[in-house]
Structure formats: structure tokens, C-alpha cells
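Asker: Got a structure for you, written out below as C-alpha cells; questions coming shortly.
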Amino acid sequence: MKNTKPMHPVTNTLTTGFQLHQSGQLAQAENAYRQVLARDPANAETLHLLGLLMVQTGRPHDALRLILQAIESDSGVAVYHSSAAMVYMLLGNAAQAAACYRAALQRNPNDAGDWQNLGEALEQDGKLAEAETAFRRAATLQPGSAAAHARLGAVLERLDQLESAAAELRQAVKLDPNLAPVHRRLGSVLEKLGQPNAARISFGRALS
Numbered sequence: 006m007k008n009t010k011p012m013h014p015v016t017n018t019l020t021t022g023f024q025l026h027q028s029g030q031l032a033q034a035e036n037a038y039r040q041v042l043a044r045d046p047a048n049a050e051t052l053h054l055l056g057l058l059m060v061q062t063g064r065p066h067d068a069l070r071l072i073l074q075a076i077e078s079d080s081g082v083a084v085y086h087s088s089a090a091m092v093y094m095l096l097g098n099a100a101q102a103a104a105c106y107r108a109a110l111q112r113n114p115n116d117a118g119d120w121q122n123l124g125e126a127l128e129q130d131g132k133l134a135e136a137e138t139a140f141r142r143a144a145t146l147q148p149g150s151a152a153a154h155a156r157l158g159a160v161l162e163r164l165d166q167l168e169s170a171a172a173e174l175r176q177a178v179k180l181d182p183n184l185a186p187v188h189r190r191l192g193s194v195l196e197k198l199g200q201p202n203a204a205r206i207s208f209g210r211a212l213s
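Residue 213 is where the sequence shown ends in my numbering, and the numbering goes up by one at each step.
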């Protein structure tokens with residue numbers, strides 16, 4: 006008979022908490038996570054998961070404190086930095102969010118989602134040229150993502166790079182023809198470029 010070691014109590018409780026979390030039993034999951042932290046206060050994975058649960062239950066300040074503790078315990082995990090950035094965005098601190106997304110990307114430089122999120126944080130912080138660079142990287146990593154091309158096109162319009170904006174917006178609606186807001190934005194850009202007929206077509210597609 007095969008001899009298997011019993012699971013460590015902390016690991017067992019964390020696994021139970023995660024399963025409860027995944028199934029939407031948030032109060033029970035929180036209790037399990039807190040049991041783990043009572044035994045192992047620096048358990049980075051548990052600090053992070055409890056932080057995410059705090060976001061789900063409307064406690065962003067508690068979430069940020071826990072996620073920053075997870076980073077202090079294990080700074081090498083990219084997703085901890087991404088989660089901190091997400092909470093900073095919820096709290097309206099785009100500059101700090103951008104710093105955290107940059108930290109995440111130092112650890113996982115090919116994460117297209119984090120490049121796009123970095124672009125959004127930078128755009129919100131008024132750093133449009135840096136946002137363009139981030140959105141362009143996201144679009145390069147995910148050439149089939151209509152959203153990536155749409156965000157790049159939007160920031161290019163704000164930078165008054167209208168030809169480039171139109172090209173990115175055209176690519177976005179080519180990839181997903183059902184993006185009515187992108188058709189409208191493309192129509193607006195085409196109007197600025199002095200192409201009223203093409204603009205009318207785009208506005209019409211936004212309504213269809």
C-alpha cells in the first residue's frame with residue numbers, strides 16, 4: 006500500500022479557502038484565509054487571495070494593505086503587483102497604479118493585459134505619449150485583439166496623430182465589426198481628416 010503524507014494543515018486550510026472563494030462562499034473563504042494567516046502571517050499567497058476577496062466585498066483599503074503585505078513577503082510574483090495596481094486604480098491613484106504595473110511587467114514582460122492596463126493608468130494620469138507606447142506593446146503582443154487596437158487608436162486621436170489613429174481603429178473594427186463606439190470614434194477621426202463620406206459610413210455602421 007502506498008504511503009502518502011497527510012497535507013500540511015496550513016496548506017489544507019488554504020486549499021479549502023480557495024475552493025470556497027471560487028464557489029462564491031466569500032464569508033467562509035475569508036474565515037479560512039484568516040485561519041491560515043493566524044498560523045502563518047507572512048503567507049504571501051493567502052495575503053494576496055484575501056486581498057482579492059476584500060476587493061470583491063467592497064473593502065479596497067483593506068485589500069491594498071493585504072496585497073502590499075503579500076508583495077513585501079514575496080516581491081517576485083508579477084500578479085501581486087498587478088493586483089496592487091488594480092486596487093490603486095479603484096482608489097483613483099493612477100500614478101501609483103502605473104508604477105505597480107511597471108513592476109509586474111519587469112517580472113512578466115510579455116503580459117499583454119498588463120501592458121494594456123498600464124496604458125489605461127498612464128492615460129488617466131495624463132501621460133499620453135507613455136500610454137501610446139504601452140498600448141502599442143499590448144497590440145503587438147495581441148495583434149488579434151480588437152480592444153488593444155481600439156485603445157491605441159483612441160490615445161493616438163488624443164495625441165492628434167489622426168492618420169495613425171484611423172489605421173488602428175479600422176483594424177479594431179475589422180477584427181470585431183460589432184464595436185459601435187469604435188465605429189463612432191473612427192467616424193469622428195475621419196471627419197477631422199476631411200473625409201466626410203467615409204465618416205458617414207462609419208457613423209452608419211455604429212447605428213446598424
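Glycine included, every Cβ here is placed at the ideal spot set by N, Cα and C.
(1) Taking Gln-40 as the reference, which of Gly-29, Ala-47, Val-15 and Ala-49 has the closest Cα?
(2) Quick check on Glu-77: buried or exposed, where buried means 16 or more other Cβ atoms within 10 Å of its Cβ?
(3) For Phe-140, which of Gly-192, Gln-121, Lys-179 and Gly-131 has the nearest alpha-carbon?
(4) On the three-state DSSP scale, how would you describe Met-12?
(5) Nearest to Arg-112 by CA position, among Asn-98, Gly-131, Ser-87 and Leu-96, is which residue?
(6) Where does Glu-196 sit, in a helix, a strand or coil, going by DSSP?
(7) What separation, rounded to the nearest whole angstrom, lies between the Cα atoms of Leu-96 and Ser-169?
(8) Looking at the unbroken alpha helix (DSSP H) that takes in Lys-132, where does it start and where does it end?
(9) Take the Cβ of His-66 as the centre, count every other Cβ of all protein chains shown within 10 Å, and call the residue buried at 16 or more, exposed below.
(10) Leaving out five residues before and five after Leu-19 in sequence, what residues of the same chain have Cβ atoms less than 6 Å from its Cβ?
(11) Output the boundary residues of the alpha helix (DSSP H) element that contains Asn-98.
(12) Alpha carbon to alpha carbon, how far is Gln-200 from Gly-63? Give it in angstroms, no decimals.
(13) Please tell me whether Leu-174 and Arg-156 are closer than 8 Å, where the distance is taken between their beta carbons.
(14) Would you kindly check if the distance between the Cβ of Glu-128 and the Cβ of Ala-1 is under 8 Å?
(15) Which residues mark the beginning and the end of the alpha helix (DSSP H) in which Val-60 is found?
(16) Tell me which residues share the same chain as Ala-47 and place their Cβ nearer than 6 Å to its Cβ, disregarding the 5 neighbours each side in the sequence.
(17) Which residues mark the beginning and the end of the alpha helix (DSSP H) in which Asn-183 is found?
Answerer: Reading off the structure:
(1) Residue 40 sits at position 35 when you count from the first residue of the sequence shown. Residue Val-15 is the option with its Cα nearest to Gln-40.
(2) Translated into the one-based positions of the sequence shown, residue 77 becomes position 72. So Glu-77 counts as exposed.
(3) Start at 1 with the first residue of the sequence shown, and residue 140 comes out as number 135. Nearest of Gly-192, Gln-121, Lys-179 and Gly-131 to Phe-140, Cα basis: Gln-121.
(4) Within the sequence shown, the letter at position 7 stands for residue 12. At Met-12, the pLDDT of 48 sits below 50, so the modelled position is not reliable and the matter cannot be decided from this model.
(5) Reading the sequence shown from its first residue, position 107 is the one you call residue 112. Measuring from the Cα of Arg-112, the nearest candidate turns out to be Ser-87.
(6) Sequence index remark: in the sequence shown, residue 196 carries index 191 (1-based). Glu-196: helix per DSSP, three-state reduction.
(7) Sequence index remark: in the sequence shown, residue 96 carries index 91 (1-based). Sequence index remark: in the sequence shown, residue 169 carries index 164 (1-based). When rounded, the distance between both Cα atoms is 33 Å.
(8) Locating residue 132 in the sequence shown gives position 127, counting from the first residue. Lys-132 -> no alpha helix (DSSP H), and no H or E assigned at all.
(9) Along the sequence shown, one-based indexing puts residue 66 at 61. Classification for His-66: exposed.
(10) By one-based count along the sequence shown, residue 19 stands at place 14. Val-41 and Thr-51.
(11) Residue 98 sits at position 93 when you count from the first residue of the sequence shown. Premise fails: Asn-98 is in no alpha helix (DSSP H) and is neither H nor E.
(12) In the sequence shown, residue 63 corresponds to position 58, counting from 1. In the sequence shown, residue 200 corresponds to position 195, counting from 1. Straight-line Cα distance between these residues: approximately 47 Å.
(13) Against the sequence shown, residue 174 aligns to sequence position 169. Against the sequence shown, residue 156 aligns to sequence position 151. No, they are not a contact pair.
(14) Any answer about residue 1 is impossible in this case: the structure gives the chain only from 6 up to 213.
(15) As a working mapping, residue 60 is identified with position 55 in the sequence shown. Taken as a continuous stretch (DSSP letters only), the alpha helix (DSSP H) holding Val-60 covers 49-61.
(16) Counting from 1 along the sequence shown, the entry for residue 47 is found at position 42. Closer than 6 Å at the Cβ level, and outside the excluded window around Ala-47, lie Ser-78.
(17) Taking the first residue of the sequence shown as position 1, residue 183 is located at position 178. That residue, Asn-183, is in no alpha helix (DSSP H); it is neither H nor E in DSSP.
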